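Its first residue numbered 0, the sequence shown is counted upward by one per residue in numbering that gives the first Met the number 0. Note that CB positions come from ideal geometry on N, CA and C, so glycine has one too. None of the values given here were measured: they were computed from a predicted structure.
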Amino acid sequence: MKRKVHYFLFLFFLIFSACVSSYEAKKVNISKHNIVIGWKRSKELGSGYYILIEKIAKGKWVIKKISKKPIIGRENKRQEILFVNKNLNYVQPFFEKAVFYPGLKTFKCVSLHKKSEKELYTPCNSCLTKVDTLTTIFKPGVNRGIDTKKITQIIEQTDLLEKVRLYDSLIERFQLEEKEYYNFVSNISINVKRIEDKTRLFLIKPNDVNLSKKIIRVEIVNLPKDFDENFDKYSQEDIRRLFANKKIELQPYVINPILKDCHYCTLRCFGIVPQNYSKVKILYNNQNYTPFQLNIPVIINSCDLINPYPSNFVVKDKNLSIKVLSLDRTGMKLLIKNMTTSYVKISSVTLYYNNKVLNVDNLNIELPPQSLKENVYIPGIGFYFLPFQVKEFKRISKDNLNFHVFTFGLAVKYNIVVTNIEKTLYKVNTYNLATILF
0 MKRKVHYFLF LFFLIFSACV SSYEAKKVNI SKHNIVIGWK RSKELGSGYY
50 ILIEKIAKGK WVIKKISKKP IIGRENKRQE ILFVNKNLNY VQPFFEKAVF
100 YPGLKTFKCV SLHKKSEKEL YTPCNSCLTK VDTLTTIFKP GVNRGIDTKK
150 ITQIIEQTDL LEKVRLYDSL IERFQLEEKE YYNFVSNISI NVKRIEDKTR
200 LFLIKPNDVN LSKKIIRVEI VNLPKDFDEN FDKYSQEDIR RLFANKKIEL
250 QPYVINPILK DCHYCTLRCF GIVPQNYSKV KILYNNQNYT PFQLNIPVII
300 NSCDLINPYP SNFVVKDKNL SIKVLSLDRT GMKLLIKNMT TSYVKISSVT
350 LYYNNKVLNV DNLNIELPPQ SLKENVYIPG IGFYFLPFQV KEFKRISKDN
400 LNFHVFTFGL AVKYNIVVTN IEKTLYKVNT YNLATILF
């Protein structure tokens, strides 16, 4: 009886020994390429490619994404993740978590209690593995081994290796294109040929205009945003179009032109982007890096104005006269005249600029009788504290100055010491830009 039992176990071992060997790293022949299918820990893999695949029908798989960086997680249970080494001769599943028995070449599958662990991509919820019946009988729990046959079929059906090879060559080509374009741009020098000011707001001299190479916009071949995610949808014709019609476009920007000197130069023009400037297009020649100079005509049709204010603004009553001397980023300077024969104390100043109000109180500005104080600085009332859209005027020229209107005003709270009566001085005017400039 014992002999029969031993004989039965021996036969059982022979029958299932083939299953064990099939889960080991195995060399298969795919389209005349010898590929090893196996499994290694992440730190042993080296560089390569990560491929997200998805089953769309029985025996039908598609490539969803190819990346040189590890792909972690999957959107649904029909998806699997493979790793292919850089030499394209080794393939394996890329699991997030796995308990591996090196001796048995199998994975241990146990119940995962944590919700976060159940959502991980593991050999236990992958269809790229199958139950190893033999080791499961002799070992407690469920053991699974890599399904070499299924992975082989997926590689063949998706033409995986050729897709990865194409992806790699395109990535290298994109990088080369970018390098070549910028080498080409570095040999371009720019010269201002002519400046035409159609705004009639500026006094421009040749040395007041600068063009920078930083404004050269190079239209190089860029990877589409969905290139990795939908790589399998790009045909050879699509890829050919990516590299077609390459050009370099120079867009001259005039930097820091000179504005007419008026009102303490508080009105500034900055960052002019001409509306109808000359465009120079250069068809990129992959084999010609000869240095050359571009003569660019610059046409200024409009500019952006920022921080305008009326520098002659005065608010007064029978007691006080206050003039705005300057208004800068963080403060305001006032000229204040006390027209009474008593001491006057100013406790609060408020600025009105368009629909915004800036106020500083708890002041203690004391003016002797019949006195004049210049350069009284009020910190905390400045353009820095105003929203950008309130103080900026776009596309200004001399022809449309009258169409841009803004309000400006001042309120002052003061006290005549001898009477100890609080009074208020207030004035708000409406202006257009023409009255500010000229």
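Item checked: For GLY47 and LEU169, the rounded distance between their alpha carbons -> 15 Å
Notebook entry, point to check: Below 7 Å between beta carbons: does that hold for SER341 and ILE415?
Noted result: yes
Next item on the list: For VAL416, name the three-state secondary structure that DSSP assigns.
Entry: coil
Notebook entry, point to check: CYS302 and THR434: beta carbons closer than 7 Å?
Noted result: Result no, Cβ atoms of CYS302 and THR434 do not sit closer than 7 Å.
Check: Is it buried or exposed for VAL348, if we count other Cβ within 10 angstroms and need 16 for buried?
Finding: buried
Notebook entry, point to check: For the stretch 305–383, which segments carrying the beta strand (DSSP E) assignment without a break, of at least 3 residues, lie completely within its bounds, in sequence order?
Noted result: 313–315, 319–326, 330–337, 343–352, 355–359, 364–366 and 371–378
Next item on the list: Run the CB neighbour count on VAL144, radius 10 Å, all protein chains shown included, and call it buried at 16 or more, exposed below.
Entry: The residue you asked about is not Val; residue 144 is Gly in the sequence shown. By the 10 Å Cβ count, GLY144 comes out buried.
Next item on the list: Can you have a look at GLN174 and say buried or exposed, based on whether 16 or more other CB atoms are within 10 angstroms of its CB?
Entry: exposed
Notebook entry, point to check: What are the boundary residues of the beta strand (DSSP E) that includes VAL61?
Noted result: Counting along the chain, the beta strand (DSSP E) containing VAL61 begins and ends at 59–66.
Item checked: Start and end residues, alpha helix (DSSP H) containing THR147 -> 147–156
Notebook entry, point to check: Are at least three pairs of beta-carbons, each pair with one atom in the stretch 387–403 and one in the stretch 327–347, less than 8 Å apart?
Noted result: no
Check: Is GLY408 near the ligand COA, with its Cβ less than 6 Å from a heavy atom?
Finding: In the structure shown, the ligand COA is absent, as is every other ligand, since no ligand is present at all.
Item checked: For ASP167, the three-state DSSP class (helix, strand or coil) -> In this structure, ASP167 counts as helix in the three-state DSSP scheme.
Next item on the list: Report yes if the C-beta distance between TYR49 and PHE93 is below 7 Å; otherwise report no.
Entry: yes
Next item on the list: Within 10 angstroms of the Cβ of SER438, are there 16 or more other Cβ atoms? Answer buried if so, exposed if not.
Entry: Residue 438 lies beyond the residue range present for the chain, which begins at 0 and ends at 437; the question has no answer from this structure.
Notebook entry, point to check: With 16 as the cutoff for other CB atoms within 10 Å, does THR423 come out buried or exposed?
Noted result: exposed
Check: Who are the Cβ neighbours of TYR383 in its own chain at under 8 Å, not counting the five residues just before and after it?
Finding: ARG328 and THR329
Notebook entry, point to check: Exposed or buried, what is THR147 when buried is set at 16 or more other beta-carbons lying within 10 Å of its beta-carbon?
Noted result: The residue in question, THR147, is buried, as its Cβ has 16 or more Cβ neighbours within 10 Å.
Note to self: What would DSSP say about PHE54, mapped onto helix, strand or coil?
What the structure shows: Checking the sequence shown, residue 54 turns out to be Lys, not Phe. In the structure shown, LYS54 sits in a strand (DSSP, three-state: E or B).
Checklist line | Under 7 Å between C-beta atoms of TYR413 and ILE345 | finding: In this structure, TYR413 places its C-beta atom within 7 Å of the C-beta atom of ILE345.
Item checked: Simplified DSSP state of LEU44, which is helix, strand or coil -> Coil.
Note to self: Along the chain, where does the alpha helix (DSSP H) containing THR434 start, and where does it finish?
What the structure shows: 432–436
Item checked: Rounded separation between GLY379 and ASN358 - CA only -> 8 Å
Checklist line | Classification of LEU371 by the beta-carbon crowding that lies within 10 angstroms, buried from 16 upward | finding: Residue environment for LEU371: exposed (fewer than 16 other C-beta atoms within 10 angstroms of its C-beta).
Item checked: Between the CA atoms of ILE305 and GLN274 - distance to the nearest angstrom -> Low local confidence applies: a pLDDT of 38 at GLN274 is under 50, so the model's placement there is unreliable, with the coordinate-based value given in what follows. If I take the Cα positions, the gap works out to 18 Å.
Note to self: Rounded to whole angstroms, what is the Cα-Cα separation between TYR430 and GLU373?
What the structure shows: Straight-line Cα distance between these residues: approximately 25 Å.
Check: Distance, Cα to Cα, LYS390 vs LEU81?
Finding: 57 Å
Check: Buried or exposed: which applies to ALA56, given that a residue is buried once 16 or more other Cβ atoms fall within 10 Å of its Cβ?
Finding: exposed
Next item on the list: Can you grab the Cα-Cα spacing for the pair PRO386 / LYS426, in whole Å?
Entry: Computed Cα separation, rounded: 22 Å.
Notebook entry, point to check: Would LEU417 be called buried (16 or more neighbouring beta carbons within 10 Å of its own) or exposed?
Noted result: In the sequence as displayed, the identity of residue 417 is Val instead of Leu. Per the 10 Å Cβ criterion, exposed.
Notebook entry, point to check: Under three-state DSSP, which class holds LYS278?
Noted result: Caution is warranted here: a pLDDT of 44 is assigned to LYS278, below 50, making its placement in the model unreliable, and no coordinate value can be reported.
Next item on the list: May I ask which residues mark the beginning and end of the alpha helix (DSSP H) holding LYS390?
Entry: 387–390
Check: What does a CB cutoff of less than 7 Å around PRO368 pick up in its chain, not counting 5 residues either side in sequence?
Finding: ASN337, THR339, THR340, SER341 and TYR342
Margin query: Tell me which residues share the same chain as LEU13 and place their Cβ nearer than 6 Å to its Cβ, disregarding the 5 neighbours each side in the sequence.
Written below: For LEU13, the predicted model reports a pLDDT of 39, less than 50, meaning its position is unreliable and no value from the coordinates is stated.
Next item on the list: Could you give the DSSP three-state label for ASP131: helix, strand or coil?
Entry: coil
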